[in-house]
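Below is one structure; the comments refer to it alone.
Residue numbers (our numbering): 30 to 455.
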């Protein structure tokens with residue numbers, strides 16, 4: 030097609046859009062100025078109504094009932110270990126805290142946490158509890174007594190309490206070896222103790238060789254409550270959005286967050302556009318714990334909202350399946366119909382936004398090269414145009430953007446066609 034014919038075709042479609050919009054020419058031509066992304070950008074401003082900061086507990090009735098049942102058994106002298114499992118932000122800590130607060134009048138609450146340190150504190154949760162309790166356990170810890178003595182001392186303290194105990198160990202996916210031994214020690218003896226031991230952990234960060242897996246697998250099934258927490262349904266997200274005065278955004282909010290309660294509440298509380306800083310920091314902290322090859326894989330995957338094929342990742346990084354497998358086992362990506370996609374759109378945007386403009390352009394060029402080496406189908410034209418424009422490859426833009434525009438127009442997607450033609454004219 031000659032350049033003159035291309036311009037005439039583009040102008041014809043521009044006019045069709047302009048005259049078909051309800052608000053007339055100005056509204057129609059606004060699409061020419063703003064363009065339209067190949068995959069819908071979820072960073073558009075959604076509203077500015079603030080939400081109360083604390084996370085609301087919704088769709089957690091069954092989990093609360095299981096914990097209440099476990100505490101009732103413990104009060105009768107038959108202790109339990111409850112495993113609260115789920116991805117980061119799913120509400121494990123919120124649920125455990127709400128449950129403990131509701132039963133402080135009838136049970137003693139002992140809380141300790143594992144930290145994401147490069148060198149974890151030995152027996153971190155036990156030290157937290159001992160600092161609160163003072164007494165013989167703290168003295169023994171400060172004297173560096175052997176593990177068996179410390180474990181026995183803690184167990185004796187639980188048995189001697191006048192009220193049942195709620196013992197919470199948070200984030201045991203970060204537990205040190207000694208804490209894992211303590212969990213095994215308690216798990217084998219909990220049946221005769223008036224205590225409910227609650228362990229929270231991120232099940233999406235446990236690879237097959239993670240030591241916590243074998244520890245949890247060895248817990249006696251008759252005294253172990255497994256309580257997996259699931260993402261919120263679209264209906265619950267709609268309820269939260271309605272409470273924040275943003276009902277119209279519920280479907281898009283659920284799609285962007287995957288129903289993750291932390292992401293949902295932070296987006297609703299965020300008055301500006303873009304990924305909330307709290308979400309960004311949480312996502313990038315998880316990404317920083319990946320190996321270099323997996324992190325490079327994640328960066329490449331962030332360029333493709335609709336998912337990326339393993340052969341493209343291989344061509345761009347040379348990492349092969351290892352990087353993808355690590356991203357999946359750490360809960361960052363998932364496999365959907367042969368493509369690897371982010372578990373949450375907000376996580377993809379956080380990783381994408383962290384790339385410098387130069388790095389982003391280089392990666393788009395790296396993705397574009399293997400895509401161009403394959404036969405081009407009409408459905409691939411929009412994707413090729415997307416990467417060509419982001420890579421600032423003028424030759425590729427002129428090759429794919431007009432073709433993508435004509436294909437979109439033939440399918441009745443006139444606004445997308447306008448964006449492609451506008452990209453070719455820039």
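Note that the Cβ used here is the ideal one computed from N, Cα and C, for glycine as well.
Quick test of your reading: residue 312 and residue 351, contact by CB under 8 Å. State the CB separation rounded to the nearest angstrom.
Actually they do not touch by this definition, with Cβ atoms about 22 Å apart.
Coarse secondary structure for residue 219, derived from DSSP in three states:
helix
In whole angstroms, give me the CA-to-CA distance for residue 218 and residue 398.
60 Å
With a threshold of 8 Å, are at least 3 pairs of Cβ atoms found where one atom belongs to the region 429 to 439 and the other to the region 397 to 417?
yes
Distance between residue 230 and residue 80 (C-alpha atoms, nearest Å)
Note on residue 80: pLDDT 27, under 50, position unreliable in the model; no value is reported.
In this structure, how does DSSP classify residue 291 when only helix, strand and coil are distinguished?
helix
Whole angstroms is fine: what's the gap from residue 456's alpha carbon to residue 188's?
Residue coverage of the chain in this structure runs from 30 to 455, which leaves residue 456 outside it and unanswerable.
On the CB-based measure, 16 or more other CB atoms within 10 Å of its CB, does residue 178 come out buried or exposed?
exposed
Taking Cβ to Cβ, would you say residue 296 is nearer than 8 Å to residue 305?
yes
Do the CB positions of residue 212 and residue 129 come within less than 8 Å of each other?
no
Going straight from the alpha carbon of residue 82 to that of residue 425, what length do you get?
Annotation note: pLDDT 36 at residue 82 (below 50); position unreliable, coordinate value reported separately. Approximately 47 Å, taken between the alpha carbons.
For residue 324 and residue 291, I'd like the C-alpha separation in whole angstroms.
23 Å
So, is residue 275 buried or exposed, given that buried needs 16 or more other C-beta atoms within 10 angstroms?
buried
Proximity winner among 336, 345 and 381, relative to residue 366 (alpha-carbon distances):
336
Have a look at the DSSP bridge pairing and note the partners of residue 111.
227 and 254
Let me make sure I understand the geometry here. Which of 391, 442 and 378 has the alpha-carbon closest to that of residue 408?
442
Leaving out five residues on either side along the sequence, give the residues of the same chain with a beta carbon under 7 Å from the beta carbon of residue 421.
390
Would you check if there are 3 or more beta carbon pairs closer than 8 Å linking the region 100 to 118 to the region 155 to 169?
no
What is the rounded straight-line gap between the Cα of residue 268 and the Cα of residue 374?
21 Å
What residue range is occupied by the uninterrupted beta strand (DSSP E) comprising residue 364?
362 to 365
Less than 8 Å between the C-beta atoms of residue 446 and residue 438, yes or no?
yes
So, at 8 Å on beta carbons, what are the nonlocal neighbours of residue 65 in its own chain, with the 5 sequence-adjacent residues on each side left out?
Here the model assigns residue 65 a pLDDT of 29, short of 50, so the residue's position is not dependable and the matter cannot be decided.
Cβ-based neighbour list, residue 253, same chain, cut-off 6 Å, excluding 5 preceding and 5 following
110
How would you label residue 191, buried or exposed, when you count the other beta carbons within 10 angstroms and need 16 or more for buried?
exposed
Quick check: what's the CA-CA separation for residue 393 versus residue 326?
13 Å
Just mark residue 400 as buried or exposed, buried being the case when its beta carbon has 16 or more other beta carbons within 10 Å.
buried
So, using beta-carbon positions, are residue 241 and residue 235 closer together than 8 Å?
yes
Checking the sheet assignment: what are the DSSP bridge partners for residue 197?
140 and 227
Reduced DSSP category for residue 368 - H, G, I as helix; E, B as strand; rest coil
strand
Use the C-beta contact count for residue 164: other C-beta atoms within 10 angstroms, 16 or more gives buried, fewer gives exposed.
exposed
For residue 328, is the classification buried or exposed, using 16 other Cβ atoms within 10 angstroms of its Cβ as the cut-off for buried?
buried
To the nearest angstrom, report how far apart residue 106 and residue 224 are at their CA atoms.
8 Å
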